[in-house]
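Chains as they are written, first to last, in the numbering used here: chain U, 1 to 474; chain C, 475 to 805. Inspection log for the structure reproduced underneath, given as structure tokens.
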Amino acid sequence: MESSPIDSSSNASSGLSSSTSSPPHSDRDHRQITLTVTQLEQLKVEEKVSEIYRILSGAPAHTQTLMLELWRDKHIEFLTRGLNQLGPTYRVLDANRPWLCYWIIHSMALLRESLDIEVENNAVDFLSRCKDINGGYGGGPGQLPHLATTYAAVNTLVTLGSNSALLSINREALREFLLRMKDFCGAFRMHHTGEMDVRACYTAISVASLLNILDFEITKGVGDYILRCQTYEGGIAGEPGSEAHGGYTFCGLATMILINEVHRLDLTSLIDWVAFRQGLEFGFQGRTNKLVDGCYSFWQGGSLFLIQRLLSIAENQIKSLPMSIEQEQLSMEGNVDSAAFTVPKPDGSQRQIHYFENKDAGKGSATGLDFIRTTNGGPLFHSIALQQYILLCSQVLEGGFKDKPGKVRDHYHSCYCLSGLSVSQYSFSKSADSPPPPNAVLGPYSNLLEPVHPLYNLVLDKYYKAHEFFSVMS
Amino acid sequence: MSSDEDEWVPFSRRPEWSDVKPVPQDDGPHPVVPIAYRADFRETMDYFRAVYLSGERSHRALNLTAEAISMNPGNYTVWYFRRLVLEAVDADLNDEMEYINCVASKNSKNYQIWHHKRWLAEKLGPEVAQKELEFTKRIFAIDAKNYHAWSHRQWVLDALGGWQNELDYCTELLEDDIFNNSAWNQRYFVITRSPLLGGLQSMRESEVSYAVEAILSNPENESPWRYLRGLYKGDPNLLICNNQISGVCLQVLKTKHNIIFPLSLLLELLCHGFQPSTEFVSAVEALRTSVPESSSTSSLANTICSVLEIVDPIRSNYWSWRRSHLPSQVC
Ligand SMILES: [Zn+2]
Chain U
1 MESSPIDSSS
11 NASSGLSSST
21 SSPPHSDRDH
31 RQITLTVTQL
41 EQLKVEEKVS
51 EIYRILSGAP
61 AHTQTLMLEL
71 WRDKHIEFLT
81 RGLNQLGPTY
91 RVLDANRPWL
101 CYWIIHSMAL
111 LRESLDIEVE
121 NNAVDFLSRC
131 KDINGGYGGG
141 PGQLPHLATT
151 YAAVNTLVTL
161 GSNSALLSIN
171 REALREFLLR
181 MKDFCGAFRM
191 HHTGEMDVRA
201 CYTAISVASL
211 LNILDFEITK
221 GVGDYILRCQ
231 TYEGGIAGEP
241 GSEAHGGYTF
251 CGLATMILIN
261 EVHRLDLTSL
271 IDWVAFRQGL
281 EFGFQGRTNK
291 LVDGCYSFWQ
301 GGSLFLIQRL
311 LSIAENQIKS
321 LPMSIEQEQL
331 SMEGNVDSAA
341 FTVPKPDGSQ
351 RQIHYFENKD
361 AGKGSATGLD
371 FIRTTNGGPL
381 FHSIALQQYI
391 LLCSQVLEGG
401 FKDKPGKVRD
411 HYHSCYCLSG
421 LSVSQYSFSK
431 SADSPPPPNA
441 VLGPYSNLLE
451 PVHPLYNLVL
461 DKYYKAHEFF
471 SVMS
Chain C
475 MSSDEDEWVP
485 FSRRPEWSDV
495 KPVPQDDGPH
505 PVVPIAYRAD
515 FRETMDYFRA
525 VYLSGERSHR
535 ALNLTAEAIS
545 MNPGNYTVWY
555 FRRLVLEAVD
565 ADLNDEMEYI
575 NCVASKNSKN
585 YQIWHHKRWL
595 AEKLGPEVAQ
605 KELEFTKRIF
615 AIDAKNYHAW
625 SHRQWVLDAL
635 GGWQNELDYC
645 TELLEDDIFN
655 NSAWNQRYFV
665 ITRSPLLGGL
675 QSMRESEVSY
685 AVEAILSNPE
695 NESPWRYLRG
705 LYKGDPNLLI
715 CNNQISGVCL
725 QVLKTKHNII
735 FPLSLLLELL
745 CHGFQPSTEF
755 VSAVEALRTS
765 VPESSSTSSL
775 ANTICSVLEI
785 VDPIRSNYWS
795 WRRSHLPSQV
805 C
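What follows is the structure, encoded as structure tokens:
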């Protein structure tokens, strides 16, 4: 078990002061007179964060407990207000209203706050007005159907969880919509003639898996596209050639798991890249040498949470390290139906390597459930440190969460900070829904949120209900 | 803001729109996440819905989409409809490019705008390649890591060309800020994809030198360390044979500062079969002052993980996992 960073405050402060961009050592002064933009901005954030942690470590125990408390009532107040009324400046999110629904309603579910039946019905009614007659959901009533808002709408309806919410989804039309959004290369476009990227692939596959409409026609070619997006750094980019990025890494990894092709990724370099994104501020950054941001608590922390259940596949890849990944993929293509194949070891002997059977690709309807039943190997990130960043640097005492100190709160960061907080609280739990040991939760144990299903970012109980509901439909 | 509102003339008072009946948004009786729209926004969208639903592809419809976009550039339905109108009225796409550049300068982090630019540039063809590259340059002058702008630039190079000065441009950006990982990523893109440079194989040697130099001037900079590894992606046998790579690890380790990246790369080399000389062993041994004695008989890879568990506490779980799953030949 990890110790709390506040108990070992030397970690925090020494870590921060010996940081990558701290003022240069005197013996190097002659060449590091001017710092680059990256270094200056990093330094500013580190100073703000270390000031907050200094206050924490200097405070008496009862003040520390208070500082580390999750302000549930304030968050619920902020979220409820948004659900009921948003100001005129929100017009820039007028094509994202199902997202606003999901960010708010999922956050409330994480806080175990149930909605009035009336509000629930209003949400179902509103989302059916965003539904396109030919399948999919748009960003508001009458708007063109879009994959991201379709994902947000379906996840909201699953979170609401009533029969009328789940029945309001037209699965057949939605499947047709997904197929219309599929490019000939296999990847998905966000909307008719819209942009094609890893986000589009994830939102399409997540929705299809959840609604039990995932089949080979939908998954065909998706894995090839995601593989092309894994970069030399190890993370996944939005498009082939772009920079490894936390949001796309989560989307790409979750997609590959959902279509049963995760063994095709170079998991060792992916894990290494994500693990290195947690920084001296204790939160995650989205890309190498970028600033920490609370929303990556979920995108990166969630990726590592997924990886906790993939360790045996990663370990198999390590065992076969002397053979290059490229060679492995060539072997895979020639052996798509065999679960095991032999590779020569350097000493001339042979070793059997077991992989997931590739022929299962596309039969993914049970994957979401199977996945959370696999053993949890413990976190590869510092889950207590991450909780400290979320509670002290992202939490807004008036309610809601923000990117980092100095920024303002919003519903997006509230959703992904809370999701990241849940993921880190449950990272030591042996099974998906067993409560974590007390020392896995930073602050009072009442900070504990509901557990999520990390592939869909849905509260686990809501996922179970939907899975049961849709599994009987063909 | 307020002056905009003063000048704004409601559609209902514009004679050229008198034939159109606005279509209100169907929010239902009790919508959730309702937005308190200002009157100008509401009315503009009501008229937009009217022309969108009637499919009117006219110049006034084009102007209307511009008004709607100015109030919410994230409305992809408006952009989509604008493209239909542009095609139908046979608009001058160079004018459109000027317009979108103006919008993009103010909203450089919006998917719709960059998608629209890509659509336009594709229609206009290779003759706009240089202009598009110049435009992204102007964005990078403000935000050198703008993700959308980098994607656009890569698409332009791939689809329309303009590779001639790209490696120099990367060098220029890295001279400004050697920590700019987007510029490193672009560098990798250029050396692997440019039709003018002969691909990774022929660039490898000079790029190794470039990265090593960057490491030696800022060993705490993660970007060149990852770049160095990336140069041998899928080719581990060549990675472990390059003395410059093992050499830079050793050189930085000996300073005893910024040891996380060189230790991590050395571990990588060992896992792929690198045979360390005694110099490497003693350089690592010199770092393990605080590591418990019990591990004194362990392998070099094992020692590296143990050192990293201590000097890189935020990743101690990760290093301990790495330690317990080393490839059998380095255990
Ligand atoms: Zn963020």
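Beta carbons are placed, not taken as given, at the ideal position from N, Cα and C, and that holds for glycine.
At a beta-carbon threshold of 7 Å, none of the residues of chain C lie near VAL49 of chain U; the nearest stands roughly 13 Å away. Boundaries of the alpha helix (DSSP H) around GLU742 of chain C: 734-745.
The alpha helix (DSSP H) runs of length 4 or more contained entirely in the region 682-738 of chain C are, from start to end of the chain, 696-704, 710-715 and 717-729. Cβ neighbours of CYS576 of chain C within its own chain (closer than 8 Å, five residues either side excluded): none. Under the DSSP assignment, THR374 of chain U falls outside any alpha helix (DSSP H); it carries neither an H nor an E label. Contact between PRO496 of chain C and TYR526 of chain C fails: their C-beta atoms lie close to 12 Å from each other, not under 8 Å.
Taking one beta carbon from each stretch, the region 207-222 of chain U and the region 255-264 of chain U have 3 or more pairs nearer than 8 Å; the two touch. Within the region 406-457 of chain U, the complete alpha helix (DSSP H) runs of at least 4 residues fall at 411-425. Inter-segment contact for the region 647-665 of chain C and the region 241-250 of chain U is present: three or more beta-carbon pairs are separated by less than 8 Å. In the DSSP assignment, THR65 of chain U falls within the unbroken alpha helix (DSSP H) covering 61-67. Counting every other CB atom within 10 Å of its CB across the protein chains shown gives HIS533 of chain C a total below 16, marking it as exposed. At least one heavy atom of ligand 1 falls within 6 Å of the beta-carbon of ASP403 of chain U.
For CYS779 of chain C, the distance from the CB to the nearest heavy atom of ligand 1 is not below 6 Å.
By the Cβ rule, the region 771-781 of chain C does not count as touching the region 305-322 of chain U, because fewer than three pairs are nearer than 8 Å. In the three-state reduction of the DSSP assignment, ARG287 of chain U falls in the coil class.
In this structure, DSSP gives MET181 of chain U a state outside helix and strand, which the three-state scheme calls coil. By the neighbour-count criterion, in which 16 or more other beta carbons inside 10 Å mark a residue as buried, ASN639 of chain C falls on the exposed side. Interface annotation for the region 547-561 of chain C against chain U: GLY548, ASN549, TYR550, THR551 and TYR554, criterion Cβ-Cβ distance under 7 Å.
Beyond the five residues adjoining it in sequence on each side, SER383 of chain U comes within less than 6 Å, by CB distance, of SER424 and SER427 in the same chain, given in chain order. DSSP, read as helix, strand or coil, puts LYS619 of chain C in coil.
DSSP places ARG512 of chain C outside both helix and strand once states are collapsed to three, so it counts as coil. Contact annotation for SER242 of chain U against chain C: TYR621, TRP624, SER625, GLN628 and ASN659 [CB-CB distance below 8 Å, chain order].
The contact set of TYR662 of chain C on chain U, defined by CB atoms closer than 7 Å, consists of TYR232 in chain order.
Close to CYS101 of chain U, with beta-carbon spacing below 9 Å, are these residues of chain C in chain order: VAL506 and VAL507. Excluding the 5 residues flanking it on each side, GLU694 of chain C has same chain C-beta neighbours closer than 6 Å at ASN732, in chain order. DSSP places MET473 of chain U outside both helix and strand once states are collapsed to three, so it counts as coil.
Rounded to whole angstroms, the Cβ separation of ALA775 of chain C and LEU800 of chain C is 5 Å, and the two are in contact under 8 Å. Between ligand 1 and the CB of CYS295 of chain U, the shortest heavy atom gap is smaller than 6 Å. In summary, the residues of the region 369-383 of chain U whose CB is separated from some CB of chain C by less than 9 Å are GLY377, GLY378, PRO379, LEU380, PHE381, HIS382 and SER383, in the order they occur in the chain. Exposure of THR89 of chain U is indicated by the presence of fewer than 16 other C-beta atoms within 10 angstroms of its C-beta. The beta carbon of GLY368 of chain U sits closer than 8 Å to those of SER209, LEU210, LEU258, HIS453, LEU455, TYR456, TYR463 and HIS467, all from its chain and outside the five residues before and after it, given in chain order.
In the DSSP assignment, GLN300 of chain U falls within the unbroken alpha helix (DSSP H) covering 296-307.
Among the residues facing chain U, ASP514 of chain C is not included, as its CB has no counterpart in that chain under 7 Å away.
Cβ contact annotation for SER422 of chain U (same chain, cutoff 8 Å, sequence separation greater than five): LEU110, LEU449, GLU450, PRO451 and VAL452, in chain order. As DSSP reads the structure, VAL494 of chain C sits in no beta bridge. Chain-order list of chain U residues neighbouring GLY704 of chain C: TYR232 and GLU233, by C-beta distance under 7 Å.
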